[in-house]
Each structure stands twice: as structure tokens, then as C-alpha cells.
Amino acid sequence: MPLFKSSKVIESQIDDFLDQVAEGALVFKEGVRAYLAGEQQDFESRLKAIASHESQADKLSKEVEAHLYSHSLIPDHRGDVLGLLENTDNIIDMAKSSLHQFAVEIPDIPTELHEGYLRLAEASCLAGESAVMAARAFFRDVDAVKDHLFKVHHYEREADQLSDGLKRRIFRMDLELARKTQLRYFAHNVETVSDQAEAVADRLAIYVIKRNI
Amino acid sequence: MDILVFLSSGLFLGWSLGANDAANVFGTAVGSRMVKFRTAAFLCSFFIVLGATISGSGAAHTLGQLGAVNALAGAFTVALAAALATFWMTRLKLPVSTSQAVVGAIIGWNLYASALTDTGSLTRIVLTWIACPLLSAFNAVILMLLLRWAIRRAKPHLLELDALTRYGLLIVGAFGSYSLGANNIANVMGIFLPENPFHDVHFWGLTFNATQQLFLLGSLAIGVGVVTYSQRVMRTVGGGLVRMSPVAALVVVLAHSITLFLFASARLEHWLASHGLPTFPLVPVSSSQAVIGAIIGIGLLRGGRGIRYNILGSISLGWLATPLVAGVMSFLLLFFVENVFDQEVYRTIRFRIDRQVVEEVERLHLPSEGLAALAGRDMSNPVRFRRRLSSATGLPENQLDLITELARLASIRVDPGVLALAGGRDWLTPGQWQALETLDGNSYTRSWAFHRDLGEASPEWRPLPDSKVNRYWNQDLRRKLEYLDRIFQTQPEE
Numbered sequence: 000m001p002l003f004k005s006s007k008v009i010e011s012q013i014d015d016f017l018d019q020v021a022e023g024a025l026v027f028k029e030g031v032r033a034y035l036a037g038e039q040q041d042f043e044s045r046l047k048a049i050a051s052h053e054s055q056a057d058k059l060s061k062e063v064e065a066h067l068y069s070h071s072l073i074p075d076h077r078g079d080v081l082g083l084l085e086n087t088d089n090i091i092d093m094a095k096s097s098l099h100q101f102a103v104e105i106p107d108i109p110t111e112l113h114e115g116y117l118r119l120a121e122a123s124c125l126a127g128e129s130a131v132m133a134a135r136a137f138f139r140d141v142d143a144v145k146d147h148l149f150k151v152h153h154y155e156r157e158a159d160q161l162s163d164g165l166k167r168r169i170f171r172m173d174l175e176l177a178r179k180t181q182l183r184y185f186a187h188n189v190e191t192v193s194d195q196a197e198a199v200a201d202r203l204a205i206y207v208i209k210r211n212i
Numbered sequence: 000m001d002i003l004v005f006l007s008s009g010l011f012l013g014w015s016l017g018a019n020d021a022a023n024v025f026g027t028a029v030g031s032r033m034v035k036f037r038t039a040a041f042l043c044s045f046f047i048v049l050g051a052t053i054s055g056s057g058a059a060h061t062l063g064q065l066g067a068v069n070a071l072a073g074a075f076t077v078a079l080a081a082a083l084a085t086f087w088m089t090r091l092k093l094p095v096s097t098s099q100a101v102v103g104a105i106i107g108w109n110l111y112a113s114a115l116t117d118t119g120s121l122t123r124i125v126l127t128w129i130a131c132p133l134l135s136a137f138n139a140v141i142l143m144l145l146l147r148w149a150i151r152r153a154k155p156h157l158l159e160l161d162a163l164t165r166y167g168l169l170i171v172g173a174f175g176s177y178s179l180g181a182n183n184i185a186n187v188m189g190i191f192l193p194e195n196p197f198h199d200v201h202f203w204g205l206t207f208n209a210t211q212q213l214f215l216l217g218s219l220a221i222g223v224g225v226v227t228y229s230q231r232v233m234r235t236v237g238g239g240l241v242r243m244s245p246v247a248a249l250v251v252v253l254a255h256s257i258t259l260f261l262f263a264s265a266r267l268e269h270w271l272a273s274h275g276l277p278t279f280p281l282v283p284v285s286s287s288q289a290v291i292g293a294i295i296g297i298g299l300l301r302g303g304r305g306i307r308y309n310i311l312g313s314i315s316l317g318w319l320a321t322p323l324v325a326g327v328m329s330f331l332l333l334f335f336v337e338n339v340f341d342q343e344v345y346r347t348i349r350f351r352i353d354r355q356v357v358e359e360v361e362r363l364h365l366p367s368e369g370l371a372a373l374a375g376r377d378m379s380n381p382v383r384f385r386r387r388l389s390s391a392t393g394l395p396e397n398q399l400d401l402i403t404e405l406a407r408l409a410s411i412r413v414d415p416g417v418l419a420l421a422g423g424r425d426w427l428t429p430g431q432w433q434a435l436e437t438l439d440g441n442s443y444t445r446s447w448a449f450h451r452d453l454g455e456a457s458p459e460w461r462p463l464p465d466s467k468v469n470r471y472w473n474q475d476l477r478r479k480l481e482y483l484d485r486i487f488q489t490q491p492e493e
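Those protein sequences? They're chains A and H, same order as listed. When you line the first sequence up against numbering that gives the first Met the number 0, it's residues 0 to 212, in that order. When you line the second sequence up against numbering that gives the first Met the number 0, it's residues 0 to 493, in that order.
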């Protein structure tokens with residue numbers, strides 16, 4: 000049964016892809032933690048790891064795309080699935096670029112803000128993970144997608160609030176404006192990962208309705 | 000006219016059938032983009048050819064509706080009219096029933112030849128328009144709900160579901176094409192069997208008989224119709240009426256097959272009744288009507304918003320128009336063929352009241368007074384004969400029907416060898432065959448007398464009391480007798 004074989008191959012490619020994104024989100028959180036703790040070596044290795052996850056995810060999503068088109072599989076959901084993969088890929092892209100900015104700019108983060116950045120990174124990571132779970136459920140168990148979407152929205156809101164609180168604290172500290180602006184930029188950068196997760200969730204919500212028609 | 004010229008209209012009818020009816024089995028698969036048109040066309044043609052040559056050539060299938068038309072030029076014209084009507088509807092991208100086109104064209108022939116039209120066939124056409132889509136829509140809704148439930152429970156991966164649906168569509172499509180070939184080839188080629196230009200071919204110890212060769216030719220015509228012209232109707236069926244998801248596409252073809260199986264299978268009714276189970280009512284069904292019904296069912300399940308009512312309207316008009324157009328065209332073409340080409344388009348059926356008929360009428364305890372007034376005169380117009388009979392005897396309709404049938408003259412010479420040559424021997428039970436052999440060489444001027452003698456020779460030639468369990472046997476028996484009448488028919492002496 001050649002069709003079953005090729006669909007099995009794509010299934011495992013999609014699963015691998017989602018694994019890469021989920022791991023990327025975890026590595027991102029650990030990278031932020033290592034940076035804040037001043038563990039330079041650990042940070043560098045996280046940076047390398049996230050780059051490798053990102054390029055692996057890119058490669059897999061391209062392969063899935065090529066497979067879906069060349070075998071003309073899932074004609075009614077092909078566009079949706081490709082859109083979903085692209086958006087999910089943005090999560091890890093954003094995480095990588097955010098971590099990369101830490102390496103480029105080496106921001107000097109006051110110790111009293113460390114906790115705030117850590118919690119923000121954690122919320123963003125959880126939003127990303129939940130988005131990956133929602134995407135996984137879309138392929139197997141459409142009814143379960145809603146539960147994961149709810150979590151994505153929850154963590155995104157939390158990241159929003161944390162980032163907002165962090166920015167308020169930054170601008171009320173006795174620092175140079177240039178430094179304040181840089182610190183705000185990093186808070187925003189870490190938060191963007193959760194925004195990407197929300198973009199995935201928004202798309203999924205529509206795809207689920209389409210699948211149920 | 001040469002047999003090849005006559006064959007051409009059968010081939011044209013086959014081509015039209017392929018162009019229109021392939022959409023019933025593969026339309027939704029192609030419309031939902033699950034199967035490429037090329038793949039569908041190849042598979043469909045292949046299985047149509049297989050179905051027609053393997054299952055279509057059995058004696059049980061070779062009667063065809065056109066068997067009622069008793070002259071070759073008439074059958075040619077009737078087939079041509081049906082093909083033209085179907086072709087016209089195909090050009091309009093409308094899925095219509097080819098067999099309704101054939102029935103419509105036969106009614107046209109009946110009117111032209113002033114033969115008696117079986118009023119049942121008109122009722123059947125109308126019932127098919129209404130009952131068949133309703134039943135099919137109902138089946139589709141139930142099936143869709145069941146499948147949704149099963150998918151929710153089994154939770155297959157999106158891609159697994161895709162592969163399963165695709166295989167499902169291919170398998171159901173292949174089966175559908177096989178039965179399309181087996182069931183329709185008789186309409187396309189059946190009438191040409193008596194004038195079959197082919198001869199049996201033997202190779203590697205296998206026989207490829209003349210009927211199979213003729214049916215192969217006809218099925219190739221259907222296949223060519225599928226490949227060259229079926230895409231238009233497929234588009235209407237597959238997405239023109241309601242946008243189709245792959246699962247819905249599968250539900251439609253399954254629901255259509257189930258409708259055909261449950262509500263049209265006398266064999267199933269017999270099986271259920273003989274096991275003491277409740278039976279489904281048998282209603283006339285048609286593939287095209289069943290598919291459209293199932294699609295509407297899916298549309299209604301989604302709240303009815305996605306149904307394109309203008310297309311539904313055109314399809315319904317197409318259904319009304321098909322038998323009507325075929326009938327009118329048949330009538331006009333018959334006039335043309337008879338008067339311009341000087342061809343015999345119908346063989347006159349004669350009626351005569353004589354001693355044999357009167358004796359039989361008395362034996363059946365029917366009133367025979369008044370029959371004497373009509374005795375000794377041959378009449379060739381059945382409508383007029385019936386009218387005279389009515390005024391002479393004043394009998395009720397059903398008795399008039401019976402006496403008209405008794406008075407119909409036939410010319411039958413029993414020759415079991417001819418039957419064996421035509422491959423009909425396998426259809427009969429050993430008892431029936433033996434009984435037939437005892438009548439070898441007998442001649443009859445009335446088919447009922449032939450049937451009565453067969454019944455006397457073996458109980459296996461007698462109809463059973465009317466009941467659901469016996470209905471299948473009686474139907475089969477009737478078809479066998481009709482087949483024998485046709486195969487033993489000789490030129491009547493003037």
C-alpha cells in the first residue's frame with residue numbers, strides 16, 4: 000500500500016518537526032536562564048542547539064511541503080497544514096533570533112530584573128509548547144485542540160502581563176534612557192515568542208471549524 | 000443496412016453512457032481532488048470493460064430493455080434517440096439516467112408502432128425521480144453521522160484518514176464501474192446479439208465467445224466515453240452542487256451503492272424473506288438519481304446553506320427532460336428511418352381470437368361470451384384490438400389485458416441447441432433443461448402455450464404462489480421465459 004507508506008513518512012516528518020519546535024522552546028527558556036546566570040558556556044551551547052533545531056525544523060517543513068504537493072495528499076487541508084507548519088516554524092525562528100540578540104548585544108540586565116525576565120521566558124516557552132500540542136492534536140484529535148488553544152491563550156496573556164510589568168519597572172528605574180530602551184527591547188523580544196504561539200492558535204481555531212464542517 | 004451501421008448507434012449509446020454515468024462512480028472522488036481525473040478515467044474504463052465482458056455476457060443479463068423492440072432498425076433508432084438525449088444532457092453537464100433515456104425512447108417506439116405501453120414503466124420513471132433521491136439522501140445522512148462518530152472514536156491521523164478515504168474511493172469506484180459495465184452493457188449491445196457479426200475464438204484452451212467479443216466492443220465504447228467526455232458531468236457531481244470534502248465524497252458513493260443494493264435487489268429481498276427477516280421495499284432506483292440524492296443529503300446535514308439550488312434546479316429539469324426528449328426524438332427518427340431509408344422499424348404483432356384462445360379463456364374460468372364476434376380475424380393494432388375486445392365483451396381492465404396476451408400470435412420453434420450455442424444453458428436448472436429437451440422440435444403459435452407445456456413438463460417451469468419469498472423465483476422465471484421466447488422466435492409465416 001504505497002499511499003499508507005508515504006503518509007506514514009509524512010506523519011513522522013510532521014511529528015519530528017513539532018518535536019524540534021517544542022525542544023527549541025525549551026532550549027530558549029534554558030538559554031535565557033543561562034544568560035541571566037552568567038553561565039557563558041552553557042549559553043553558547045544553548046545558542047548552538049536552538050540554531051540546529053531551527054534549521055532541522057526548516058528542513059522538515061520543506062520536505063513535508065514537497066511531499067504533500069508531489070503526492071497530492073490531503074487536498075482539502077493541504078493549504079491549512081502548510082500554513083500551520085509555517086506559523087509554527089515562526090515560533091522557533093523567533094526564539095532563535097531572540098536568543099541570538101542576547102549574544103549580539105550582551106545586554107547588562109540588573110539583577111533585580113532577572114526574576115522578571117526568567118518568568119517571562121517561561122511563560123513564552125509554555126505558550127510555544129502548548130501551541131505545539133494544539134498543532135499535534137489537529138492531526139489526530141480535533142476535539143482536543145480546543146483544550147490546548149485555551150492554554151496557549153492563557154500563557155500568552157500571562158506573558159503579556161509579565162512583559163508589561165517588566166517594562167514599567169525598567170522605566171521607573173534610575174538608568175540611562177538608552178539602557179532602558181535596550182532592556183525594554185529585550186523584554187519585547189522574549190515576549191514575541193508567545194505572540195507567535197498565539198498566531199498559531201488563532202489559525203488553528205479556524206482550521207478546526209473547517210475540519211468539522 | 001449493414002450490421003455495422005446498426006452497431007454504430009449502440010456504440011454511440013455506449014459512448015454517451017460512459018460520458019454521463021462515470022460521474023456517478025468517480026465524480027465525487029475527482030471533484031474532491033482525491034483522485035486525478037486521469038486515474039479515475041483509466042480505472043473506470045478498465046473495470047467497465049471487465050464487468051461487461053465477464054459478468055455482462057451471462058444469459059441472465061443479456062435481455063436488456065431494448066429487447067422489447069422487435070426489429071433491428073427500430074432498435075437502432077431507439078438506441079440512437081436515447082444516445083442523443085443523453086449526449087445533449089452531458090453537453091449541459093447534467094447527470095441523467097441513461098436507462099430512463101432508453102425507456103423514454105422505447106415509449107416513443109411504442110407510440111410509433113402503436114404497441115401497448117407498459118403503464119408501469121411511466122410510474123417507475125416518476126418514482127425513481129422522487130423515492131430514489133430521498134432514500135439515498137437519508138442513507139447518506141445516516142452514513143455520514145456514523146462515519147463522523149467512528150472517526151471521532153478511532154482518531155486516525157489526518158494523513159491516515161486521507162489514505163484510507165483515497166483507497167475507499169478507489170475501491171468503491173472500481174466496484175461501481177464493474178457493476179456499471181455489467182448492468183448496462185445489455186442496453187448498449189444486447190439488441191445486436193441476434194445479428195452478432197463475431198465468432199467464438201479459442202486460444203490456450205479458453206473460449207472467448209462471440210457475445211463477449213460484442214460486449215467487449217460495447218464496453219470499449221463506454222470506456223472511450225469515460226476518457227473523452229466524462230469530465231464535464233464529473234465536475235457537476237463532484238463539486239458543482241455542494242462542495243465536497245473527501246470523507247463526504249466517500250459517503251456519497253457508499254450511500255449510492257447501498258441505496259441500489261437495499262432497495263433494488265430482488266435477490267436480497269428473497270434472502271431476507273426466506274430467513275424470516277423483514278424486507279426493504281423494492282423501488283425503482285437509478286445510479287444518477289441516487290448520487291444526486293446522497294449529495295443533497297450531505298448538503299442538508301450541513302444546514303443546507305452550501306447547496307447551489309440553481310444547479311439542483313437544472314439537474315431536476317434534466318431528469319424531466321431526458322425521457323421526454325428521448326421519446327419525442329425516437330418517434331421522429333423512427334418516422335424518418337422508416338420512410339426515408341425504407342427500413343422495417345417494428346415487426347407487426349398480430350392478434351387473433353381462435354379456438355385455442357377461447358378454450359384457454361374457458362379453462363381460466365373467464366367469461367368467453369362475445370369473443371366469438373371477434374373470431375377468425377387477425378388484427379395488427381393492439382390498441383384497436385383491445386378497444387374492440389372491450390366493446391365486445393365489456394370485461395374489466397385486468398381481464399382485457401389477460402385475453403389480449405392470450406390472443407397475441409407468436410412464432411416459436413423449440414431448439415435447445417440454439418440456446419446452448421448462445422450460452423444460455425448455464426442459466427437453467429438441470430430440471431428446466433430436461434423439460435426443455437422434451438419439447439425439442441415443437442412449434443407454437445402462442446408463447447403462453449409454450450410456457451404451459453414447459454410447466455407441464457417440469458414443476459421447475461411453474462411460477463410459485465405470489466409472496467415475498469417467491470417473488471425472486473417468479474421474476475427469474477419470467478425473465479427466463481422471455482429469453483426463451485426471444486431466442487426461439489422464428490419468422491412468422493404470412
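Cβ coordinates follow ideal geometry from the N, Cα and C atoms, glycine included.
Query	Result
Chain-order list of residues whose beta-carbon lies under 6 Å from that of G103(H) (same chain, five-residue window excluded)	P322, A325 and G326
Start-to-end residues for the beta strand (DSSP E) that takes in L373(H)	First-last for L373(H): undefined, no H or E at that position.
Chain A contacts from the segment 153-186 of chain H (Cβ-Cβ distance under 7 Å)	K154, H156, L157, L158, E159, D161, A162, R165 and Y166
Closest residue to M172(A) among I108(A), L203(A), T191(A) and E121(A) (Cα-Cα distance)	I108(A)
Minimum C-alpha distance to H187(A) - residue among L98(A), S71(A) and G78(A)	L98(A)
Endpoints, the beta strand (DSSP E) within which L205(H) is located	L205 to F207
Top-ranked residue by Cα proximity to H52(A), from V144(A), I91(A) and V199(A)	I91(A)
Extent of the continuous alpha helix (DSSP H) run through F36(H)	F36 to L49
Neighbour flag for D80(A) against chain H, beta carbons, 9 Å	Per the sequence presented here, residue 80(A) reads as Val, with Asp not at that position. Cβ-Cβ to chain H under 9 Å: yes for V80(A).
Contacting residues, own chain, Cβ-Cβ under 6 Å from L115(H) (five flanking each side not counted)	P381
DSSP beta-bridge partners of F350(H)	M378(H) and R407(H)
Same chain only: Cβ atoms within 6 Å of L182(A), ignoring 5 sequence neighbours per side	I169
Three-state class that DSSP yields for F202(H) in the structure shown	strand
Sheet register partners of Y443(H) (DSSP bridge)	I411(H)
Residue from L480(H), L418(H) and S446(H) with nearest C-alpha to P462(H)	L480(H)
Contacts around A21(A), its chain only, beta-carbon distance under 7 Å, and the 5 residues preceding and following it disregarded	E128 and V131
Buried or exposed by the 16-neighbour rule on C-beta atoms within 10 Å, applied to Y68(A)	exposed
Coil, strand or helix - Q195(A) by DSSP	helix
Chain A within 9 Å of R32(H), Cβ atoms only	yes
Exposed unless 16 or more other CB atoms sit within 10 angstroms - verdict on S98(H)	buried
E197(A) versus S285(H) - alpha carbon distance	51 Å
Same chain, Cβ closer than 8 Å to V344(H), neighbours up to 5 away in sequence not counted	A70, A72, G73, T76, W108, Y111, A112, L333, V336 and E337
E268(H), buried or exposed, once every other Cβ within 10 Å from all chains shown has been counted against 16	buried
Exposure of W460(H), with buried meaning 16 or more beta-carbon neighbours within 10 Å	buried
C-alpha gap between V223(H) and Y471(H), whole angstroms	35 Å
9 Å Cβ cutoff, D142(A) in contact with chain H	yes
Limits of the alpha helix (DSSP H) - the one that R171(A) falls within	From DSSP, R171(A) is part of no alpha helix (DSSP H); its letter is neither H nor E.
Best match in Y34(A), K28(A) and N89(A) for proximity to F16(A) [C-alpha to C-alpha]	N89(A)
Distance between beta carbons of G237(H) and G30(H), contact taken as under 8 Å	2 Å
Burial state of G302(H) (16 or more Cβ within 10 Å)	exposed
Short CB-CB distance (under 9 Å) between S244(H) and chain A	yes
contact_flag[the segment 377-391 of chain H, the segment 446-458 of chain H] where n(CB pairs < 8 Å) is 3 or more	no
Nearest candidate by alpha-carbon position, reference P415(H), set G175(H), D400(H) and Y482(H)	Y482(H)
Min CB distance F137(A) to chain H below 9 Å	yes
Coarse secondary structure for Q488(H), derived from DSSP in three states	strand
Straight-line gap, L259(H) to V95(H) (C-alpha atoms, nearest Å)	16 Å
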